[in-house]
Amino acid sequence: MSAANDVLFRPFAHKSLKLDNRIVMAPMTRTKAPAGIPGAANAAYYRRRAEGGVGLILSEGTVVGRPASRNDPNIPFFHGAEALEGWKHVIEAVHGAGGKMGPQLWHTGSTITQSGWEPDVPVESPSGLLAPGKPRGVAMSEEDIADTVAAFAQAAADAERLGFDTAEIHGAHGYLIDEFFWPGTNERTDRYGGATIAERSRFAAEVVAAVRAAVSPDFPIILRVSQWKQQDYDARLATTPKELEQWLLPLVEAGADIVHASQRRFWEPEFPEIDGQDGLNFAGWAKKVTGAPTISVGSVGLSGEFLAAFGGQSSHATPLDALVHRMEREEFDLIAVGRALLTDPNWAKKVKAGETDKLEGFDPASLAELV
């Protein structure tokens, strides 16, 4: 093992989740599950990352049982007998390679993809808005909200039943749960709206609490959150540490065990006006205000950031010094790696062996197939 990077390969344990290292495969949408059913190619794709030494694999977003929960026909379901049977084969393949894995549970809300695909029922969101001032779909009734909460809980229970090691709730990037957080898309006047981030977090807290009740006490729940939205990269839900605490601490208290704090570039400080340019990043502040373990993410080991990647921009490999520095000071507990693992399934093994000169950059061609 390379001494320079050994902090990445220290074991991690929380509740029943026991990992050999601190490297997480970040969830990345692949749209490679025809009719929503994961098959042999999906299982082999995840197994290769387990064989490549990733400590924890988080699946691509996989949608809960709501009529318009996905925005592409090839996003996988996490409901229904056939899809769940497919996921059973995935987790068996990952465990067979010595890996650990959790599904990311998702509802895409009112978002739309570049393909422009539309489900055969109206999309749903807190207030029928895609972005501030941009109507799309319908506002959810309280019955819709209750059914969606139940759908997340059922998916988490199915994940544990199938043998997954954890489950992640996707509450970031402008999708449904995040649309409730964001005042630009939540104009509700009932108990799911409000002027403060704490008030607008009620829906997320109900989802987390329902998931917590649906799984065993020792089964860890991860919650992914972000400040930025795909609708607005500069959006901020919390502009001070106090607001961040008001947002995230109730969600941890509702039952989230680990906070996956997503930012576009992990090395950027969240509140530089408080602790400077080498200050805590989003995951660092999330850990500080909640006391929960956190996962950081954002352009790890690559020159370009991931949003540009989906426009076909490649990225070359970059040193990991900044990452090692932040992990050595225990700013956050785990680091999620995205595009680097799309192109190079053996990224973690190479880092462990000190073969950073052999790390591959991101090739956009990796998006076209399950490498």
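In this text, residue positions in the sequence shown follow the numbering used here: the first is 1123, and each later residue adds one.
Note that beta-carbon positions come from the ideal geometry of N, C-alpha and C, so glycine has one too.
Per DSSP, the bridge partner or partners of F1134: L1141, per the DSSP bridge assignment.
Subject >> A1431 classed as buried or exposed, judged by whether at least 16 other C-beta atoms fall within 10 angstroms >> reply: With a pLDDT of only 45 at A1431, under the threshold of 50, the placement of this residue in the model should not be trusted, and no figure is reported.
Margin query: Check whether the stretch 1252 to 1272 and the stretch 1204 to 1212 are in contact - that is, three or more C-beta pairs closer than 8 Å.
Written below: The answer is no - the stretch 1204 to 1212 does not touch the stretch 1252 to 1272, with fewer than three Cβ pairs under 8 Å.
Practice problem: Measure the CB-CB distance between A1219 and E1264 and report whether it falls below 7 Å. | Solution: With a cutoff of 7 Å on beta-carbon distance, A1219 and E1264 are scored as not near each other.
Item to complete: Check whether the stretch 1395 to 1414 touches the stretch 1140 to 1159, taking contact to mean three or more Cβ pairs, one atom from each stretch, closer than 8 Å.
Response: Touching, no.
Please state whether the Cβ-Cβ distance between T1235 and D1194 is less than 7 Å.
Cβ atoms of T1235 and D1194: closer than 7 Å.
Compute the beta-carbon to beta-carbon distance between N1164 and L1464, rounded to the nearest angstrom, for a pair I have assumed lies under 8 Å. Contact between N1164 and L1464 is absent: CB atoms are separated by about 14 Å, not below the 8 Å threshold.
* Asked: Between the C-alpha atoms of G1434 and P1486, what's the straight-line distance to the nearest angstrom?
  -> Unreliable positioning characterises G1434 in this predicted model, as indicated by a pLDDT of 49, which lies under 50. The coordinate reading is nonetheless provided below. Distance between the alpha carbons of G1434 and P1486: 5 Å.
inquiry  = Buried or exposed, going by whether 16 or more other CB atoms sit within 10 Å of the CB of L1489?
reply    = Counting the other Cβ atoms within 10 Å of the Cβ of L1489 gives 16 or more, which makes it buried.
Check your understanding: What number of angstroms, rounded off, separates the C-alpha of S1436 from the C-alpha of E1482?
Key -> Per-residue confidence for S1436 stands at a pLDDT of 47, beneath the threshold of 50, marking its modelled position as unreliable; the derived number appears in the next sentence. In this structure, the straight-line span from the alpha carbon of S1436 to that of E1482 is close to 11 Å.
Less than 7 Å between the C-beta atoms of M1147 and I1197, yes or no? In this structure, M1147 sits away from I1197, with a CB-CB distance that is not shorter than 7 Å.
*asked:* Less than 6 Å between C-beta atoms, sequence neighbours within five positions excluded: which residues of the same chain meet that for S1348?
replied: For S1348, where only same-chain residues beyond five positions count, the Cβ hits under 6 Å are A1294, H1295, S1384.
How is Q1349 classed by DSSP in three states: helix, strand or coil?
Coil.
- Residues of its chain near Q1353, where Cβ-Cβ distance is below 7 Å and the 5 sequence neighbours each way are ignored: Excluding sequence neighbours, Q1353 sits near L1252, A1253, G1296.
*Tell me, to the nearest whole angstrom, how far the beta carbon of S1418 is from that of F1388; I am working on the premise that it is less than 8 Å.*
S1418 to F1388, Cβ: 5 Å. Contact.
Are there 16 or more other CB atoms within 10 angstroms of the CB of K1351, so buried, or fewer, so exposed? Flag for K1351 reads buried.
Margin query: Measuring CB atoms only, is the stretch 1316 to 1323 touching the stretch 1270 to 1278, in the sense that at least three cross pairs come out at less than 8 Å?
Written below: In short, these stretches do not touch, since the Cβ pair count stays below three.
Do P1248 and R1310 come within 7 Å of each other at the CB atom, strictly closer than that value? Taking 7 Å as the Cβ cut-off, R1310 and P1248 qualify as a contacting pair.
Check your understanding: By DSSP, does L1492 sit in helix, in strand, or in coil?
Key -> In the structure shown, L1492 sits in coil (DSSP, three-state: anything other than H, G, I, E or B).
- Message: One question on the structure: do A1360 and V1330 come within less than 7 Å of each other, judged by their Cβ atoms?
- Response: No; because the gap between Cβ atoms is not below 7 Å, this pair is not in contact.
For T1184: DSSP bridge partner residues: Beta-bridge pairing links T1184 to L1227.
### Query
Between F1200 and G1221, what straight-line distance do the alpha-carbon atoms span, to the nearest angstrom?
If you take the alpha carbons of F1200 and G1221, they lie about 20 Å apart.
Check: Distance, Cα to Cα, R1283 vs E1395?
Finding: One C-alpha to the other measures close to 46 Å.
Closest to Y1167 by C-alpha separation, out of W1228, S1181, E1246, would be which residue?
That would be S1181, whose Cα lies nearest to the Cα of Y1167.
**Message:** Using 7 Å as the threshold, is the C-beta distance between P1372 and A1327 below it?
**Reply:** A1327 is positioned such that its CB atom lies closer than 7 Å to that of P1372.
Query raised in the report: Taking the alpha-carbon positions, what's the G1238 to E1246 distance?
Result: Rounded to whole angstroms, G1238 to E1246 spans 16 Å at the Cα level.
* Buried or exposed: where does E1290 fall if 16 or more other Cβ atoms within 10 Å of its Cβ makes it buried? -> If you draw a 10 Å sphere on the C-beta of E1290, you find 16 or more other C-beta atoms in it, and that means buried.
Leaving out five residues on either side along the sequence, give the residues of the same chain with a beta carbon under 6 Å from the beta carbon of A1278.
Once the five neighbours on either side are set aside, the close Cβ partners of A1278 are A1289, V1333, A1336, V1337.
Note the first and the last residue of the continuous beta strand (DSSP E) segment covering I1291.
-> Following the DSSP letters along the chain, one finds I1291 inside the beta strand (DSSP E) bounded by residues 1289 to 1292.
Output the residue ranges of the beta strand (DSSP E) runs that lie fully inside the stretch 1195 to 1273 and measure 3 residues or longer, sorted by chain position.
-> Runs of beta strand (DSSP E) with 3 or more residues, each lying fully within the stretch 1195 to 1273, are found at 1223 to 1228, 1251 to 1253, listed in chain order.
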